[in-house]
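Please read the structure below before turning to the comments.
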Ligand SMILES: [Zn+2]
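In the numbering used here, the protein residues as written are 203 to 492.
Here is the structure:
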């Protein structure tokens, strides 16, 4: 969907591509009107676009979400930011429930930064998430219909039969685990660690790396809490890498201290000492997560 064009005449599907910015072109996308395609490769974590808002407005008003992207701390998790902005270039990205680009607000620079969540090849369409991702297809489609008036036909929404049922089940489970993570509800460290490993695996299956740093954090917390600092270091290194790729080096910088000294974490050693496992353990390879 082309959000900027939603209220004006849609361009003809045969319209000539035009350059959005270096390496990005706006082109006709079958079934979607127009969208943004890569004209060169982009590496995971690379900034594909950084843009200041034409204007910002409160997201608390009804119907404010149609043409705006959030200017706040939480991306791809629903619009929890207090304000949103209109971005003339950024509004050209279509939505997908398997986004390959993440939009993250850089408050210090006053820019919305769009980063590649994985390596992107020339010719691929670049898509953001306009809404919740950790929900069933029915729930995602209902949200897109209500907020933006279109039926999502992304690769996750195009699944059928058993593949769809499995995807729905994974995203619902991930949603519950993500909510527990946000509340800091980890319970027993062994159970918490098992959930973190399961979540990382399901995120891979759903191709949703934007949440990876959150679940690496869960693994880090469990290991640091029982003073298994060797494993905690390995989780922290994963969290740093995933956070930098999705949200940038400034956002990820707090992980540097925890990678070098996990015992400086506030909850370090708060539970009885135990040895758990990190993403550097043989278990990781057995699960195919290396
Ligand atoms: Zn979708």
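Glycine included, every Cβ here is placed at the ideal spot set by N, Cα and C.
Remember, it's a predicted structure, so these values are computed and weren't measured experimentally.
Bridge partner(s) assigned by DSSP for residue i
i	result
residue 301	The partner list for residue 301 (beta bridge, DSSP) is empty, contrary to what the question assumes.
residue 329	296
residue 341	In the DSSP output, where bridge partners are listed per residue, residue 341 has none listed.
residue 308	313
residue 318	303
residue 256	None, per the DSSP bridge assignment.
residue 229	237
residue 251	316
Three-state secondary structure assigned by DSSP to residue i
i	result
residue 224	coil
residue 270	coil
residue 246	coil
residue 348	helix
residue 377	helix
residue 237	strand
residue 442	helix
residue 462	helix
residue 449	helix
residue 483	coil
residue 368	helix
residue 476	coil
residue 363	helix
residue 489	coil
residue 285	strand
residue 456	helix
residue 386	coil
residue 391	helix
residue 436	helix
Rounded Cβ spacing between residue i and residue j (contact assumed at less than 8 angstroms)
i	j	result
residue 305	residue 271	6 angstroms
residue 300	residue 317	About 16 angstroms separates the two Cβ atoms, so there is no contact after all.
residue 445	residue 480	Not confirmed; about 17 angstroms, so no contact.
residue 411	residue 320	6 angstroms
residue 398	residue 417	5 angstroms
query: Is there contact here, the segment 464–481 with the segment 412–426, by at least three beta-carbon pairs under 8 angstroms?
result: yes
message: Does the segment 302–309 come into contact with the segment 337–344, if we say contact requires no fewer than three beta-carbon pairs (one atom in each stretch) closer than 8 angstroms?
response: no
field: Complete runs of the alpha helix (DSSP H) confined to the segment 397–434 [at least 4 residues]
entry: 414–427
message: Under 8 angstroms, with one C-beta from each stretch per pair, do the segment 379–399 and the segment 351–359 reach the 3-pair mark?
response: no
- request: Flag this pair as touching only if the segment 391–408 and the segment 448–458 have three or more C-beta atom pairs under 8 angstroms; answer yes or no.
  value: no
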